[in-house]
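Enquirer: Structure incoming, see below.
Protein chains: 2
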Amino acid sequence: MARTRGSVGAETEKAIRKAAVELIAKHGFEAMTLRDLAEHVGLQPGSIYRYIATKDQLLVDIMAEHMETLIAAWRAADRPDADPRLRLEGFVDFHIRYHFQRQKEVVIANLELRSLTPDARRACVALRKTYESELRGILEAGIVQGFFTPTDSGIATNAIISMLTGVCFWYSPKGKLSADDIIAIHKRLVLGGLSGTPRGEAKIIPLAAGRN
Amino acid sequence: MARTRGSVGAETEKAIRKAAVELIAKHGFEAMTLRDLAEHVGLQPGSIYRYIATKDQLLVDIMAEHMETLIAAWRAADRPDADPRLRLEGFVDFHIRYHFQRQKEVVIANLELRSLTPDARRACVALRKTYESELRGILEAGIVQGFFTPTDSGIATNAIISMLTGVCFWYSPKGKLSADDIIAIHKRLVLGGLSGTPRGEAKIIPLAAGRN
DNA sequence: TTTAGAAACAAACGCTTGTTTGTTTAATGC
DNA sequence: GCATTAAACAAACAAGCGTTTGTTTCTAAA
Chain A
1172 MARTRGSVGA ETEKAIRKAA VELIAKHGFE AMTLRDLAEH VGLQPGSIYR YIATKDQLLV
1232 DIMAEHMETL IAAWRAADRP DADPRLRLEG FVDFHIRYHF QRQKEVVIAN LELRSLTPDA
1292 RRACVALRKT YESELRGILE AGIVQGFFTP TDSGIATNAI ISMLTGVCFW YSPKGKLSAD
1352 DIIAIHKRLV LGGLSGTPRG EAKIIPLAAG RN
Chain B
1172 MARTRGSVGA ETEKAIRKAA VELIAKHGFE AMTLRDLAEH VGLQPGSIYR YIATKDQLLV
1232 DIMAEHMETL IAAWRAADRP DADPRLRLEG FVDFHIRYHF QRQKEVVIAN LELRSLTPDA
1292 RRACVALRKT YESELRGILE AGIVQGFFTP TDSGIATNAI ISMLTGVCFW YSPKGKLSAD
1352 DIIAIHKRLV LGGLSGTPRG EAKIIPLAAG RN
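Note that the protein sequences, when read in sequence, are chains A and B. Just so you know, the first sequence maps onto residues 1172 to 1383 in our numbering. Just so you know, the second sequence maps onto residues 1172 to 1383 in our numbering.
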């Protein structure tokens, strides 16, 4: 054989991407063979090279595209002028919901940084930092306005991101709890952790208006 | 050459372990070659097989040993009859401090589960669950005794573990904050998140006695 | 001092990997 | 209907992989 009947390049490219995401998330980038990938798409190994420059570049494309759409999606959802507590709830909601939808990409973005070339790694780490600084901005605004207990915003950002991203690794849609349930629990953990006063005296600042 | 002057088996074995932990944590298990490992120890590739049965088994040994000593160390540190809030603070303290000491092993234990054979993976996942259930026990005790806001203890356990383990991935001893600082911040985040009442009414239960 | 065993080397094994090359077939514009 | 291009195949490439084998050198007990 040669060219398959009905084959279209754009569709093949998408199929390769999808299969690659699946295989990398499942077995890891190094463990995924191009022969394995080709078989899942129904191609011969060499044919993949119509659509990718190199195996390394395939990973770079997947990771960079994921990070960029993540940042863009958040910026579209955020309301930078709102109450920091509302923004923070919104961030928790957005992060978990988005990550449920792209669980595999998230796993890849978090586990395969070390499989990238130094240059590509730097670029992806920078994108990650960009996303994290969005959360950090919320925390600092909340601290300045007196809603959150003063703390090191960098550490708190890392801690919260770790917690929220961890969801992707253990969440299963088949569990007894819905996504909404899990989001609600995490909202309470995060907001409580920032405004909490675990040792006695409480400083409660009531929330002004009341959407959400 | 053949046998090196002054070579002792026990020392070589430790050197192999150490180098393996370093290389796996840095590049991933699949990306680490036995040739690379041998070179770091100063051996020929084949000589490694005096000390390991197979490459897969090397990973199993590293992971299982780490999980077992982790569980044992925690059980030695825990005081099961103490106030759940104190136990929880103790857990945060222990977990972060222990994980700082064994940063590389922790990275491996968290990233390389998928590189294990199904049997080995099941065993390691079971060990992980054992450790997590220790934290879960504290949360449930705290909820029953009215110290923590009722919530799904399984989800909360996962969330807290994710947050605390995440430290290993971004912490550097060269940072401006000491381990103690970071631990303090995380204690507040965790305890505040569990006892926090982010929406208005506060329910504060003063802590009884006062060690720690 | 001799000898048994421990610790390493040197060299190769079969296999798999990412990738390249040349060819063949299907779709498409003139 | 024909030429061109797109999309795939088939086959091989060199390099690298985990692993095995047989041998050599050092150590330590007799």
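Just so you know, even glycine gets a beta-carbon here, dropped at the ideal spot from N, CA and C. No experiment lies behind these values; they were computed from the predicted model shown.
Of all the options B:I1242, B:W1341, B:F1265, B:Q1274, which has the alpha carbon lying nearest to the alpha carbon of A1297 of chain B?
Expert: Considering only alpha carbons, the answer is B:I1242.
Enquirer: Does I1386 of chain B come out as helix, strand or coil in the three-state DSSP assignment?
Expert: One cannot answer for residue 1386 of chain B here, as it falls past the ends of chain B, which runs 1172 to 1383.
Enquirer: Comparing alpha-carbon positions, which option in B:Q1316, B:E1305, B:M1334, B:C1295 lies nearest Q1228 of chain B?
Expert: Looking at the Cα atoms, B:C1295 is the closest of the given residues.
Enquirer: Taking buried to mean at least 16 other C-beta atoms within 10 Å of its own C-beta, is V1315 of chain A buried or exposed?
Expert: Classification of V1315 of chain A: exposed, given that the 10 Å Cβ count is below 16.
Enquirer: Below 8 Å on the Cβ atoms is my contact criterion, and I expect R1273 of chain B with H1237 of chain B to pass it. Report the Cβ-Cβ distance as a whole number of Å.
Expert: R1273 of chain B to H1237 of chain B, Cβ: 7 Å. Contact.
Enquirer: Quick one: give me the first and last residue of the alpha helix (DSSP H) that R1359 of chain B is part of.
Expert: From DSSP, the alpha helix (DSSP H) with R1359 of chain B extends over 1350–1366.
Enquirer: Only counting the same chain, and skipping five residues up and downstream in sequence, which positions put a Cβ closer than 7 Å to that of F1384 of chain A?
Expert: Look at the range of chain A in this structure, 1172 to 1383, and you will see that residue 1384 of chain A is not part of it.
Enquirer: Which residue spans inside the stretch 1253–1325 of chain A form an unbroken alpha helix (DSSP H) run of at least 4?
Expert: Whole alpha helix (DSSP H) segments, 4+ residues: 1255–1272, 1274–1282, 1289–1315.
Enquirer: I want to know whether the stretch 1335–1354 of chain B touches the stretch 1264–1283 of chain B - three or more CB-CB distances under 8 Å.
Expert: Enough Cβ pairs lie closer than 8 Å, so yes.
Enquirer: Under 8 Å, do A1330 of chain A and L1360 of chain B count as touching if we go by C-beta distance?
Expert: Cβ distance < 8 Å, so A1330 of chain A and L1360 of chain B count as in contact.
Enquirer: Cα separation between K1185 of chain B and T1225 of chain B?
Expert: About 16 Å.
Enquirer: Could you tell me whether the Cβ of S1333 of chain A comes closer than 8 Å to any Cβ of chain B?
Expert: S1333 of chain A counts as touching chain B.
Enquirer: Does A1179 of chain B pass the burial test, meaning 16 or more other C-beta atoms within 10 Å, or should it be called exposed?
Expert: What sits at residue 1179 of chain B in the sequence shown is Val, not Ala. Counting Cβ neighbours within 10 Å, V1179 of chain B comes out exposed, since fewer than 16 surround it.
Enquirer: Taking the alpha carbon of I1326 of chain B as the point to measure from, which residue in A:G1346, A:G1308, A:A1181, A:T1328 has its own alpha carbon closest?
Expert: Answer by Cα proximity: A:G1346.
Enquirer: Return helix, strand or coil for V1338 of chain B, following the three-state DSSP convention.
Expert: Three-state result, V1338 of chain B: helix.
Enquirer: Determine the burial state of T1175 of chain B: buried for a count of at least 16 other Cβ atoms within 10 Å of its Cβ, exposed for fewer.
Expert: With fewer than 16 Cβ atoms within 10 Å of its Cβ, T1175 of chain B is classed as exposed.
Enquirer: Does the beta carbon of E1201 of chain B sit closer than 8 Å to a beta carbon anywhere in chain A?
Expert: Interface residue, yes.
Enquirer: Under 8 Å between beta-carbons, which chain A residues line up against D1323 of chain B? List them in chain order, please.
Expert: Neighbours of D1323 of chain B on chain A, chain order: L1348, D1352, I1356.
Enquirer: Do the CB positions of S1324 of chain B and E1311 of chain B come within less than 8 Å of each other?
Expert: Going by C-beta atoms, S1324 of chain B is nearer than 8 Å to E1311 of chain B.
Enquirer: Within 10 angstroms of its Cβ, does E1260 of chain B collect 16 or more other Cβ (buried), or is it exposed?
Expert: So E1260 of chain B ends up on the buried side.
Enquirer: Using 8 Å as the threshold, is the C-beta distance between Y1342 of chain A and F1271 of chain A below it?
Expert: Taking 8 Å as the Cβ cut-off, Y1342 of chain A and F1271 of chain A qualify as a contacting pair.
Enquirer: Which residues, taken in chain order from the stretch 1209–1220 of chain A, show a beta carbon closer than 7 Å to some beta carbon of chain B?
Expert: Residues passing the 7 Å Cβ filter: none.
Enquirer: Quick one: what does DSSP say I1223 of chain A is sitting in, helix, strand or coil?
Expert: I1223 of chain A: coil per DSSP, three-state reduction.
Enquirer: Please classify A1196 of chain A as buried or exposed, where buried requires at least 16 other C-beta atoms within 10 Å of its C-beta.
Expert: Its Cβ being crowded by 16 or more others within 10 Å, A1196 of chain A is buried.
Enquirer: For a test of the three-state rule: what should DSSP assign to S1343 of chain B, helix, strand or coil?
Expert: In the structure shown, S1343 of chain B sits in coil (DSSP, three-state: anything other than H, G, I, E or B).
Enquirer: Please return the same chain residues whose Cβ sits closer than 7 Å to the Cβ of R1292 of chain B, not counting the five positions on each side in sequence.
Expert: Correct list, in chain order: L1284.
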